[in-house]
Structure formats: C-alpha cells, structure tokens
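In my numbering, the protein residues as written are -5 to 250. Where is the CB? At the ideal position from N, CA and C, for every residue including glycine.
Below is the structure:
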C-alpha cells in the first residue's frame, strides 16, 4: 500500500506563519489531522488551518520558552485524538542581539532565548514523542533545522541561532540511530534562504535582499511551500530508510 498522510494525527509547532503554516496546509490537503501550535498569533494559525474540514484541525497556543507550557502543548495535542503519529519541530526564534560585541545582558539573553525555544522545547517534545511512539509501535519526527547548522552563520549576531539549529539536528539524528528497531524514524530538513519573516529580517542585516540573492546559485529564495511538500513526504512514511538523513533545500548554493 502506498504511504499516505490520510488519517494521521500530526503536531506542527510554529504553524501560524512561514514554513509552519505551509506545512499545516500541505498536511491538511493530504488528509491528515493537524494540531497547529502557535505562540501569540491566533489569527495566523487560524489562516493556516482554514481549509480544514470540521474536526480536522485544532490550534493550540504555547510559549515554547516555558517548560510547563511546552509539556501542556503535548498533553493537549495528545488528548485531542488520543494519539500523535508525527511530530514536526518547526518553531524557532532568531535573536539578532547576541553577537560577541554585545553587552553581557544581550549576549546571555540571546543565548537563553535560542536555547529555550530552538533546543529545549523541541527536545522536550521529542522526548514525549519517543515515549509515546514506543507505546504506540512507532512514529515519525521531522525537525526543521537550517543550513546554518552545517555551515555557520554569516552574521555573528545570530550565532546562537546557528548553534541551536546544530543542537536540535544532532538530537534528531540521535533518535533516528537509537530507535530505528522500534519503528521510530527521525528526519532533518535543513533549508537555506526561505521566503519567511526571519529570512527577510536576516537579509536586512546583510545589506538587503538583492545582496543575499546574489550569493545564491539559483538567485532565488526557497518557496516555503516546497519545504512543506518535502516535510509532508517524510511524514507520510513513504521513505523510511531516509531516517537519520538531513535533506538540504538551498538551490545548490551549499552542497556537502
């Protein structure tokens, strides 16, 4: 039987905008039940799941910088349909004030935010997912990392972001290696410059979009919908032997 999203219950973090919103739409189109997490943008989350049939999607708020809120997100997501088949760790923050030339308060604050939202929160959700999957007989985890995890960042003010994306990538790969025999699969998607608010803010620190685009092999930014299609493919279970892999999505600008 061809792998399918139909009937799967999938938790997507950061689903109110950018890549996360496109992932939610793509999953809904494939027949999945979607838990759309959002931070403070309820309207954005509602737009992301606007195409859902009655009972096909739910939006749940949570501050991923807080341990209790993150664990409550998982509990509410699990209670909705009694199971979660796929966890998609997408939410992230990119502090722009954590460079080595920043004052102590800004430097420490940037690292705290990046680690709390980009590492500790996904790690807590991964832990909950793995324990749930062990009881359920398997499941899938897809983590949205970044090419910054492999190549570093070009703006040192965002060094905490790059380091955090490397950490969550490693955690995801460790799950893939450790639980393959328990039918738990874990994948990493590492986009380059995607047309999102974060990338636009980053481009502004690098001299503007034209300057960033000139560094890209294709001269084009990645469409969030393309990333969403890749994530949906992984979530479908169509390629279980890709577990542990990092899929680079950057238009041939960075080839390992």
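Per-residue DSSP class, three states only, for residue i
i           : result
residue 146 : coil
residue 152 : helix
residue 245 : coil
residue 84  : coil
residue 90  : coil
residue 45  : coil
residue 113 : helix
residue -5  : A caution first: residue -5 carries a pLDDT of 41, below 50, which makes its placement in the model unreliable, though a value can still be read off. Coil, per DSSP.
residue 199 : helix
DSSP beta-bridge partners of residue i
i           : result
residue 32  : 55
residue 181 : 136
residue 27  : 3
residue 188 : 216
residue 304 : The first residue shown for the chain is -5 and the last is 250, placing residue 304 beyond what the model contains.
residue 64  : In the DSSP output, where bridge partners are listed per residue, residue 64 has none listed.
residue 209 : Residue 209 pairs with nothing; no bridge assigned.
Other residues of its chain near residue i: CB distance less than 6 angstroms, five sequence neighbours each side excluded
i           : result
residue 85  : 7, 8 and 58
residue 127 : 133 and 178
residue 38  : 10 and 11
residue 211 : 245, 246 and 247
residue 14  : 6, 8 and 84
residue 167 : 238
Beta-carbon proximity of residue i to residue j, cut-off 8 angstroms
i           : j           : result
residue 188 : residue 221 : yes
residue 218 : residue 155 : no
residue 225 : residue 17  : yes
residue -3  : residue 232 : yes
residue 121 : residue 61  : no
residue 4   : residue 124 : no
residue -1  : residue 229 : yes
residue 44  : residue 28  : no
residue 139 : residue 182 : yes
residue 135 : residue 180 : yes
residue 54  : residue 70  : yes
Own chain, CB closer than 8 angstroms to residue i, minus 5 neighbours either side, in chain order
i           : result
residue 108 : 87, 88, 89, 92, 154, 155, 157 and 158
residue 200 : 148, 149 and 206
residue 213 : 207
residue 96  : 104 and 151
residue 20  : 219, 222, 223, 225 and 226
residue 145 : 248
residue 209 : 247
Neighbour flag for residue i against chain C, beta carbons, 8 angstroms
i          : result
residue 48 : Here chain C cannot be found, since the structure has a single protein chain.
Sequence-distant residues of its chain with Cβ nearer than 7 angstroms to residue i (five each side left out)
i           : result
residue 56  : 31, 63, 64, 66 and 67
residue 130 : 77
residue -5  : Note that residue -5 scores a pLDDT of 41, beneath 50, so its modelled location is shaky; the value from the coordinates is reported in the next line. Same-chain partners within the cutoff: there are none.
residue 253 : Any answer about residue 253 is impossible in this case: the structure gives the chain only from -5 up to 250.
Is it true that the region 194 to 201 meets the region 172 to 186, where meeting means three or more beta-carbon pairs spaced less than 8 angstroms apart?
-> Using a Cβ-Cβ distance cut-off of 8 angstroms, the region 194 to 201 and the region 172 to 186 are not in contact, since fewer than three pairs of beta carbons, one from each stretch, lie closer than that value.
Touching or not, the region 157 to 165 and the region 201 to 217, by the rule of three or more beta carbon pairs under 8 angstroms?
-> no
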